[in-house]
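Participant:
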Amino acid sequence: MPGEKGEEVAAFSFMLPLAIVFVILSLDQASKAFISAKIQLHQTVPVINGILGITLVHNRGAAFGILRNQVYLFIITSIAAVVLIYFALKDNRRNKYYVVCLSLILAGALGNLIDRLRFGYVIDFLNFYIWPVFNIADSAITVGAVLLGWALLMKKD
């Protein structure tokens, strides 16, 4: 039947980002709630000695804590990023690789935006000791951005 293939592609184009955002956002918010309920602010629980610990931090800045206490700036910037990514994802001509990259960035942006709207800060807890403490949303943004940057650099016209 004509149009069925196009409808399947449209459904897939909608379901893939939705699934990625749902999974990452759920993991991010659940992990933040769990850690916040189990340990005290600034407490560290070693997971792998000298390599990984869980440290509860309330980050009132951006990456690495820069621009502390600029919550409204971060909220506005995050909302703008979410809207731009949403419109980019609506473009069904994008390939699956870009959809995955943008969905990871969107999920991370939403996870940290939810924190900023609820608490005025972002809950961070993953501590590799040689790097500032971060969370699952930060990881999703970083992985999505690195993969997207790589794809754009390797793109052959």
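Counting from 4, one number per residue, gives the positions in the sequence shown under the working numbering.
Backbone N, C-alpha and C fix where the C-beta goes; we use that ideal spot for every residue, glycine too.
Note that the coordinates shown come from a computational prediction; the quantities given were computed from them, not determined experimentally.
1. In the DSSP assignment, find the beta strand (DSSP E) that holds Ile57 and state where it starts and stops.
2. Helix, strand or coil for Phe137, going by three-state DSSP, please let me know.
3. Within a Cβ cutoff of 8 Å, which residues of the same chain sit near Arg119, ignoring the five residues on either side of it in sequence?
4. Looking at the secondary structure, which residues open and close the beta strand (DSSP E) in which Ile126 lies?
5. I think Ile38 touches Ile57, with their Cβ atoms under 8 Å apart; what is that distance to the nearest whole Å?
6. In terms of DSSP beta bridges, what is Val103 paired with?
7. In or out: Ala162 buried (at least 16 other Cβ within 10 Å) or exposed?
8. Alpha carbon to alpha carbon, how far is Leu87 from Lys93?
Facilitator: Answer, in terms of the structure:
1. In this chain, the beta strand (DSSP E) harbouring Ile57 covers 55-62.
2. Residue state, collapsed to three classes: strand.
3. Val74, Phe77, Ile78, Ser81, Val125
4. 125-130
5. 6 Å
6. Beta-bridge analysis with DSSP links Val103 to no other residue.
7. Any question about residue 162 goes unanswered here, given that the chain covers just 4 to 160.
8. 10 Å
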